[in-house]
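These notes are about the structure you will find just below.
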Amino acid sequence: MASPLIDTADERGGDNYRAPAPATPLVLRAADDFDRPDGPLGPNWITWGGGTLKIVNGHLDGRGTPSTPLSLAFWSEPMPSETQVMRCVVRWNGREPEHSSIGPVVRANPGVDTGVQFAFTDSIMALYHEDPANPNGFTPVAGTPQYASTSRFPEGAVIELRAEGDLYTARVNGKIVLQGTVGADKIPFTNRYVGTVIQDDSRERGGGQPPAQLDDCRALTP
Numbered sequence: 001m002a003s004p005l006i007d008t009a010d011e012r013g014g015d016n017y018r019a020p021a022p023a024t025p026l027v028l029r030a031a032d033d034f035d036r037p038d039g040p041l042g043p044n045w046i047t048w049g050g051g052t053l054k055i056v057n058g059h060l061d062g063r064g065t066p067s068t069p070l071s072l073a074f075w076s077e078p079m080p081s082e083t084q085v086m087r088c089v090v091r092w093n094g095r096e097p098e099h100s101s102i103g104p105v106v107r108a109n110p111g112v113d114t115g116v117q118f119a120f121t122d123s124i125m126a127l128y129h130e131d132p133a134n135p136n137g138f139t140p141v142a143g144t145p146q147y148a149s150t151s152r153f154p155e156g157a158v159i160e161l162r163a164e165g166d167l168y169t170a171r172v173n174g175k176i177v178l179q180g181t182v183g184a185d186k187i188p189f190t191n192r193y194v195g196t197v198i199q200d201d202s203r204e205r206g207g208g209q210p211p212a213q214l215d216d217c218r219a220l221t222p
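Numbering (full-length UniProt numbering), first residue to last: 1 to 222.
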């Protein structure tokens, strides 16, 4: 049986989502299972932002990072295509974060542009990009709410963010949960880095528990 991390099936989550483009085989471009000793991510990753993401117990961890600026890790090699897919596995580890978010990132440019992010907590999710012109610093992808309520993703769920043209699609276990558009004037299609983002709000008032962790992250392109 094919791994869900490399399965290219496209299950639509409802009639309001844009029909996917004709199926194009995806090629695995990067992969990390984080199965090594606790500590830095190593040379395959570029860490950037308010804190430094690291490995803890064989998973990608962001505990102790600030609420803002966000803390990110980008795969060190740029993707060879403007169509990009980033997939990871969720590891809750007993936590129930209400504000501390985590998720995949596509179309970033380290040090310049943090790309489009699919971030989620225990009960909400969002598809957005950072925007200094917005009072709260973030702008939802067009066609999506600022925050969407969700039930808790299953332990071990495969989360995915795909960029194709101006369309950004977030999936959980293959099902579309959020989808919207961002023009190239906001997030250049020439941005070729993918990665992850983690925000630890647990030290903020009402911030809840520390964030979940990510595992088995993979990047794919046509």
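For each residue, glycine too, the CB sits at the ideal point set by N, CA and C.
Being a predicted model, the structure only gives us computed values, none of them experimental.
Open item on the list: At 3 residues or longer, what runs of the beta strand (DSSP E) sit wholly inside the stretch 39-122?
Closed with: 45-49, 54-56, 59-61, 71-75, 84-91, 102-108, 116-120
Task: alanine 119 and serine 101 closer than 8 Å at C-beta - done: yes
Open item on the list: Considering Cα atoms alone, identify which of Ala219, Glu98, Gly39, Ile187 is closest to glutamate 130.
Closed with: The shortest C-alpha separation from glutamate 130 is found at Ile187.
Task: Cα-Cα separation, tryptophan 92 to proline 211 - done: 8 Å
Task: Chain-order list of residues whose beta-carbon lies under 6 Å from that of glutamine 146 (same chain, five-residue window excluded) - done: Pro140
TODO: Tell me where the beta strand (DSSP E) around aspartate 215 begins and ends.
DONE: 213-221
Task: Delimiting residues of the beta strand (DSSP E) encompassing isoleucine 176 - done: 175-181
Open item on the list: By DSSP's criteria, threonine 144 is part of a beta bridge. Which residues make up the other side?
Closed with: Paired residue(s): none; threonine 144 is not in a bridge.
- [ ] With distances taken Cα to Cα, identify the nearest neighbour of isoleucine 159 among Val90, Thr83, Ala126, Gly62.
- [x] Val90
Task: Residue environment, glycine 180, which counts as buried when at least 16 other CB atoms sit within 10 Å - done: buried
Task: Enclosing beta strand (DSSP E) for glutamate 164 [first to last residue] - done: 158-164
Open item on the list: Beta-carbon within less than 6 Å of leucine 70's beta-carbon, same chain only, minus the 5 sequence neighbours each way: which residues are those?
Closed with: Gly49, Val197, Gln199
Task: Residue interval of the beta strand (DSSP E) (run including threonine 196) - done: Per DSSP, the unbroken beta strand (DSSP E) holding threonine 196 starts and ends at 193-198.
TODO: Specify the secondary structure class of leucine 26 as computed by DSSP and reduced to three states.
DONE: coil
Open item on the list: Helix, strand or coil for aspartate 32? Go by DSSP, reduced to three states.
Closed with: Three-state result, aspartate 32: strand.
TODO: Report yes if the C-beta distance between aspartate 201 and histidine 59 is below 8 Å; otherwise report no.
DONE: no
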